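See structure below.
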Amino acid sequence: MNSTSTQFVPSRRMGIYETVDVWGDFKENNCLDSSPEMILEVEGKVDNHMQIISQDTSPGIVGPSNKYDHVVRKPVDKVLRRLAQNREAARKSRLRKKAYVQKLESSKLRLIELTQELQRARQQGLYMGGDLDFSQLGYSGTMNHPGISTFETEYGHWVEEQNRQVSELRKALHSCNGERELQFFVNSGMRHYFDLFTMKAAAAKADVFYLMSGMWKTSAECYFSWIGGFRPSQLLKVLLPHLEPLSDQQQLEVCNLRQSCQQAEDALSQGMDKLRLILVETVSGGRLGEGNYLPQIRAAMEKLEALVRFVNQADHLRRETLQQISRILDIYQAARGLLALGEYFQCLRALSSLWESRPS
Amino acid sequence: MEKVRKLTSEKGVMIFSKSTCCLCYAVHMLFQELRIKPYVHEIDHDPDGKEIEKALSRMGCSGPLPAVFIGGELVGSTNEVMSLHLSGSLVQLLKPYQNLS
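See below:
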């Protein structure tokens, strides 16, 4: 950064100081504002103390002159000492000012740097930089993706509809209605669960962490959650007591289904464990401690697509389990099974509310 | 694609996979549970990887990896494998290749 510095050419009046380049310090610095004043100031000081020098006198000579007799009577060494002290004070003042201005300049540069970083980060939708408060970043309900708000509303409706269907199914079973009516309720019940899987697929794309956390469910349901929903093997365990009596063929098929369901679940669980490990390694694997972990975030974002795939795969397994069990059962068993399943989830939700509202 | 045809006809049970793909790993684990040792070909370590991927989608593999072949025939991706397994059909397909270690 080049700037012009004032070059002060010592006037003839300062001739006795020719060995000292008073303005030398200012030659390389940027104190444009201060120089003229300093010049005037020192000139003034010189004027006060050096009234003995006349325009005619050649440099280097201090000699008495009739006009300035009253000044010449002051001892010369005292005057010289005084002038030297002034020089020294002025020099120190200039150095202090120079240091201060240099500090300001580097702060200005740092501020420009930080502002640029901030602008860049804002464009990328994230914060970075060592001086920003990272504790401000975090999940906030008001920062929900619009897809999540939609999902929450739709899920609320889904639960209401689920409750309505459960009571309709209960009434239909207890009033011993015909097969056709029961088939209708079983079909709507199954479709209702499949609707939920479709809603969840959209929500997973919006915010997969939200979906996987189970925050959209009651706390009891969340406790039993597996990859963003109920365990298929758990579903079969809940249904089984209510399907009795089962024929031998049905027993065999249900047994096989339970085994293959468990095996598929275990395989997906192992895949999830591996993905979790990879995600942790990605987030912690870069340079930490320097206030900029954008590279880790970028690398992790690519891996989150895999998480979405896992949630979809788990829902696919749930869907297949429901379809297979309905294939094995007759219509009465299927209706009883669906009712049991619906009441099981209602029970979990009720458990959550009761526990939360119990007197402390 | 010649390479794909050669590999799938030679190996009884075969999974086209990527070393970083965790769903591929899950399918591999499922086969191991069923006492099968599939041949896993990791296409991210294969210089012809991109070509193989294109060939697989041309052959009708619905989604991304894994792509599973049994007896030279394309079974499909994770969805197809899971559906077949729950219906009991997968074990039937794998019977000739079980316990081959």
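In order, the protein sequence lines correspond to chains A and B.
According to UniProt numbering, the residues represented by the first sequence are 1 to 360, in order.
According to UniProt numbering, the residues represented by the second sequence are 1 to 101, in order.
Cβ atoms here follow ideal geometry from the backbone N, Cα and C, with glycine treated the same way.
Small disclaimer: the values here were computed from a predicted structure and weren't measured.
Residue i and residue j closer than 8 Å at C-beta
i, j, result
"B/L56", "B/V13", "no"
"A/E265", "A/R318", "no"
"A/K200", "A/G228", "yes"
"A/L243", "A/Q333", "yes"
"B/L93", "B/V81", "no"
"A/L211", "A/V311", "yes"
"A/L275", "B/C22", "yes"
"A/W216", "A/F151", "yes"
"A/L307", "B/A26", "no"
"B/K18", "B/L65", "yes"
"residue 371 of chain A", "A/L169", "Past the edges of chain A, shown from 1 to 360, lies residue 371 of chain A, and the structure says nothing about it."
"A/E320", "B/L34", "no"
"A/A206", "A/I112", "no"
"A/I328", "A/E179", "no"
"A/S260", "B/G88", "yes"
"A/L236", "A/L252", "no"
"A/L304", "A/V208", "yes"
"A/L173", "A/A335", "yes"
"residue 361 of chain A", "A/Q270", "Nothing can be reported for residue 361 of chain A, as the shown portion of chain A is limited to 1 through 360."
"A/Y293", "A/G285", "no"
Residues bridged to residue i (per DSSP)
i, result
"A/W226", "A/G229"
"B/I70", "B/V13 and B/E73"
Assigned exposure category for residue i - 16 Cβ within 10 Å defines buried
i, result
"A/F185", "buried"
"A/L40", "Residue confidence for A/L40 is low, a pLDDT of 40 falling below 50, so the modelled location carries little weight and cannot support an answer."
"B/S83", "buried"
"A/N29", "Since pLDDT at A/N29 reaches only 46, below the 50 mark, its modelled position is unreliable, and the value read off the structure follows with that caveat. Under this definition A/N29 is a buried residue."
"A/V280", "exposed"
"A/G289", "exposed"
"A/D77", "exposed"
"A/T153", "exposed"
"A/Y193", "buried"
"A/F345", "buried"
"B/P96", "exposed"
"A/C176", "exposed"
"A/F224", "exposed"
"A/M272", "buried"
"A/A300", "buried"
"B/F53", "The question names Phe, but residue 53 of chain B is Glu in the sequence shown. Per the 10 Å Cβ criterion, buried."
"A/A84", "exposed"
"B/C24", "buried"
"A/T198", "exposed"
"A/S360", "exposed"
"A/D131", "Here A/D131 scores only 42 on pLDDT, less than 50, and its place in the model is too uncertain to base an answer on."
"A/G189", "buried"
"A/Q313", "buried"
"A/S233", "buried"
"A/R94", "buried"
"A/P75", "exposed"
"A/M38", "Residue placement at A/M38 cannot be trusted, given a pLDDT of 42 that sits under 50; the coordinates are not used to answer."
"A/R309", "buried"
"A/P245", "exposed"
"A/P146", "exposed"
"A/A99", "exposed"
Rounded distance between the beta-carbons of residue j and residue i, thought under 8 Å
i, j, result
"B/G20", "B/D46", "Rather than Gly, the amino acid found at residue 20 of chain B in this sequence is Thr. That belief does not hold up - the Cβ atoms of B/T20 and B/D46 are roughly 14 Å apart, past 8 Å."
"A/E221", "A/L322", "Their Cβ separation, rounded to whole angstroms, is 17 Å, which puts A/E221 and A/L322 out of contact at 8 Å."
"A/Q263", "B/L30", "6 Å"
"B/C61", "B/G76", "6 Å"
"residue 408 of chain A", "A/L354", "Residue numbering for chain A in the displayed model covers 1 to 360; residue 408 of chain A lies beyond these limits and cannot be assessed."
"B/N99", "A/H316", "Going by Cβ atoms, the distance from B/N99 to A/H316 rounds to 29 Å, so no, they are not a contact pair."
"B/H28", "B/L7", "Their Cβ separation, rounded to whole angstroms, is 16 Å, which puts B/H28 and B/L7 out of contact at 8 Å."
"B/M1", "B/E51", "6 Å"
query = Where are the alpha helix (DSSP H) runs, 4 residues long or more, that stay fully inside the stretch 272–354 of chain A, in chain order?
reply = 294–328
query = Could you give the uninterrupted runs of the beta strand (DSSP E) lying entirely in the stretch 1–47 of chain B, keeping only those of 3 residues or more?
reply = Segments of the beta strand (DSSP E) lying fully in the stretch 1–47 of chain B: 13–17 and 39–42.
request  = Kindly provide the ranges of any alpha helix (DSSP H) runs that are 4 or more residues long and lie completely inside the stretch 177–228 of chain A, ordered along the chain.
outcome  = 179–206, 208–213 and 219–223
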